[in-house]
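Only one structure is covered here, and it is reproduced in the block below.
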Amino acid sequence: MVLIASVTVSDRASAGVYEDRSGPAIAAWLATAVCSDYAHVSRIVPDGADSVAAALAELSDEAGADLILVTGGTGPSLRDETPEALFSVIDKELPGFGELMRAVSLNEVPTAILSRQTAGIRGRTLIVLLPGRPTAIKTCLDAVFPAIPYCLDLIGAGRIETREDIVASFRPKGG
Amino acid sequence: MVLIASVTVSDRASAGVYEDRSGPAIAAWLATAVCSDYAHVSRIVPDGADSVAAALAELSDEAGADLILVTGGTGPSLRDETPEALFSVIDKELPGFGELMRAVSLNEVPTAILSRQTAGIRGRTLIVLLPGRPTAIKTCLDAVFPAIPYCLDLIGAGRIETREDIVASFRPKGG
Amino acid sequence: MVLIASVTVSDRASAGVYEDRSGPAIAAWLATAVCSDYAHVSRIVPDGADSVAAALAELSDEAGADLILVTGGTGPSLRDETPEALFSVIDKELPGFGELMRAVSLNEVPTAILSRQTAGIRGRTLIVLLPGRPTAIKTCLDAVFPAIPYCLDLIGAGRIETREDIVASFRPKGG
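Chains as they are written, first to last, in the working numbering: chain A, 1 to 175; chain B, 176 to 350; chain C, 351 to 525.
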C-alpha cells in the first residue's frame, strides 16, 4: 500500500493554540486527485531544523512513506528552518520543484520569491516542501503533482494513479 | 532609522581608474521608489570573496544595515566572487530572487543565464546581489523590490514604504 | 583550435548493450550551429559520480576542452549521479542554465521538473549538463547556446562563432 504523509510545521499548531488547516488541506487535495489506493498519515511538529528532520527521517525510514508533503517553515523568518531540515536528510535535491512552485505563486503574490520551497529524495521517499497557506498549497500541488507519480516510479517507490481531469500526470512511454 | 547600503564591487572603480555608475544608479532608484525615511550609505570595494564578505559583515553587524544592495561580481569570470562572499556570510539563501532577476533579464539579453545573482539573510539584514550595469540594475530592482518590504518585516528589520505608482509592494493581510 | 567534448553517461551504452544516440545528437547539433573551426571529442562513461567526475577532470585539465556537453544521469534515480560529479569538479555553478533548460522542457513534459540539469565552470572550461533524450537535447541546446560563446570569452576559453539563422548568440558591446 502506498503511504503518503503530510507534515505540518508550526509552533502554534503543534502547541494546540492554533488549529491546523494546512494538513487537512493537503488531505482534501489528495482525496480529490489521487484515484489509486493509498494510506495517509499526518504529523504536526514545531518549527526548527531538528524537529522537522526527525519527523522526515522517521516517516521515510520507519514508516516507509513513499511521498511526504510538508507545509510551513519555508519563509525567511528566524524560525523558518524547514529547508535546512530537508537538506540534512536528503540524498538529492530536485530544484525544479521550487522553481515551478515559486513561478506559479508569483502569479498570485510578488512575495512568492521569499519562499525557499524545494524537494528532495531520501532513499525511496520523495519529500516536497509546500507553502503554509491552504490556498497556496493547492496552487503548488496543482503545478507539481503531474510529475510526482513518475518520480516515485523512478526512485522505486509505490505506484500512484491520478484522476486525469484533476491532475494530468505524465509517464513517458506509457510507463 | 532604516539603513540601506549599496556596495559596488569593482577592481577598477575601487582603484579610482573608473567612475562608479552602479552605486549612484541604485541610489537614484531608491530615491524615486522609497517614500519612507531611510539613510543610505555606499561602499566601493575591489572584487574578491574576502573584500566583499568583509564589507557585507561590517555593514550588517556594525552599521546595522536593514538592506544591502550589491552590484557587480556575479558573472562567471575568474574575478567574479561576489556570490562566494555572500554564501560565506548568510544564514539562509533566498533562491527566488535570482530566479526572478534572471527571468526578467532574459527578456533583454540571452546572456542573463550567466548571472549568479541571488539573495540571502544575515541576522536582521537582507542582502541582494544585483547585476553590474545600471540599466540591468533598474530591471532587477523593479522586479524584486515589491517583495522586499515584507521580507524586512519578517526578519525583524526596519519598515520601508514604497511609492505605489513606482513599486507595488505587497504585505499579506495588510501587515 | 577550440575543443568541444561530449560525454554520454550511461551504464548500458558504456557496456555496449545499447547504442549511444545522445552523443551523436550533440555532434549533429554542433555541426549545424557552430560555424567557426572546432575539434570534437566524445566519451561514453558508466553512470556514477566517480566515473563522470574523472571524465570531466580529464577533458578539462588534460585535453584542454573549452566546452563539455554532458548527456544523461541528471534524473532522480539511484544511479543518476551526474550532478554530484559536476559539483565535485567545478569552481562555480551557473544556476541559470538549469532554470532555463527546465523552463523550456516544461513546455514539452511536466516531468521536466525532475531534472537536475545545471552548468558550471572548471578553470577555462564550461561544463553543461544536458538531458538524456536526443529530442530534449536539441530543445535545451537551442535555449542555452546563445549564451555560451560569450561565457567562453569571459572565462578565457576559445572563441566560438555560431550561424545566426540557427543560434542567435549574443556578445555585449560587439565583443
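Each residue gets a CB set at the ideal place from its N, CA and C atoms; glycine is no exception.
Say yes only if the C-beta of ILE505 of chain C is nearer than 7 Å to one or more non-hydrogen atoms of the ligand HEM, and no if none qualify. Here there are no bound small molecules, and the ligand HEM is not part of this structure.
Beta-carbon separation of PRO149 of chain A and ILE160 of chain A under 8 Å? yes
In the DSSP assignment, find the unbroken beta strand (DSSP E) run with LEU275 of chain B in it and report its ends. Element bounds for LEU275 of chain B: not the beta strand (DSSP E) but the alpha helix (DSSP H), 270-281.
If you count every other CB in all the chains shown that lies within 10 Å of the CB of ASP165 of chain A, and 16 or more means buried, which is it? exposed
How big is the Cα-Cα spacing for ILE394 of chain C and ILE201 of chain B? 49 Å
Taking C-beta to C-beta, are GLY446 of chain C and ARG277 of chain B nearer than 8 Å? yes
Beta carbon of LEU419 of chain C, beta carbon of SER356 of chain C: below 8 Å? yes
Per-residue contacts from ILE90 of chain A into chain B (C-beta, under 7 Å): Here the premise fails: no neighbours, minimum Cβ distance about 16 Å.
Taking ILE90 of chain A as the reference, which of A:ILE113, A:ASP20, A:ALA143 and A:THR118 has the closest Cα? A:THR118
Complete beta strand (DSSP E) runs within the segment 472-498 of chain C (minimum length 3 residues, chain order): 475-480
For LEU69 of chain A, which beta-bridge partners are listed by DSSP? A:SER6 and A:VAL128
So ILE463 of chain C contacts chain A; which residues on that side make the cut at Cβ distance below 8 Å? LEU94, GLY96, PHE97, GLU99, LEU100, VAL144 and ALA147
Proximal residues to THR382 of chain C (C-beta, below 7 Å), its chain only, five neighbours per side dropped: ILE516
If we count Cβ pairs, one from each stretch, closer than 8 Å, do we get three or more for the segment 487-506 of chain C versus the segment 189-201 of chain B? no
ILE26 of chain A by DSSP, collapsed to three states: which one? helix
Continuous beta strand (DSSP E) stretch holding SER217 of chain B: start and end: 213-220
Length of the line joining the Cα atoms of TYR38 of chain A and THR111 of chain A: 34 Å
Is LEU261 of chain B helix, strand or coil when you go by DSSP? helix
Spatially closest choice to PRO481 of chain C from C:SER455, C:ARG472 and C:THR475, by CA coordinates: C:SER455
So which residues of chain C does CYS151 of chain A contact, with C-beta pairs closer than 7 Å? PRO426 and LEU464
Just reading off the alpha helix (DSSP H) that ARG12 of chain A is part of, what are its end residues? 11-15
Please classify ALA469 of chain C: does DSSP put it in a helix, a strand, or coil? strand
Using the three-state DSSP reduction, which class does VAL179 of chain A fall into: helix, strand or coil? Residue 179 of chain A lies beyond the stretch modelled for chain A, which goes from 1 to 175, so this question has no answer here.
Are SER185 of chain B and ASP222 of chain B closer than 8 Å when you measure CB to CB? yes
Could you list which residues in chain A have their beta carbon closer than 8 Å to that of PHE345 of chain B, in chain order? VAL109, PRO110 and THR111
Interface flag, ILE330 of chain B vs chain A, CB-CB below 8 Å: yes
What's the gap between the Cα of ARG79 of chain A and the Cα of HIS40 of chain A? 27 Å
Please check if any C-beta of chain B sits within less than 8 Å of the C-beta of ILE471 of chain C. yes
Within 10 angstroms of the Cβ of ASP61 of chain A, are there 16 or more other Cβ atoms? Answer buried if so, exposed if not. exposed
Hey, LEU406 of chain C and ILE354 of chain C are a contact pair by Cβ (cut 8 Å); roughly how many whole angstroms apart? Their Cβ separation, rounded to whole angstroms, is 14 Å, which puts LEU406 of chain C and ILE354 of chain C out of contact at 8 Å.
Does the Cβ-Cβ distance between CYS385 of chain C and THR475 of chain C come in under 8 Å? no
Taking just the CA atoms, how far does GLU93 of chain A sit from ALA63 of chain A? 21 Å
Beta-carbon proximity list for GLU84 of chain A, same chain, < 7 Å, skipping 5 on both sides: ALA49
In whole angstroms, give me the CA-to-CA distance for GLU308 of chain C and ARG472 of chain C. Nothing in the structure corresponds to residue 308 of chain C, since chain C is present only between 351 and 525.
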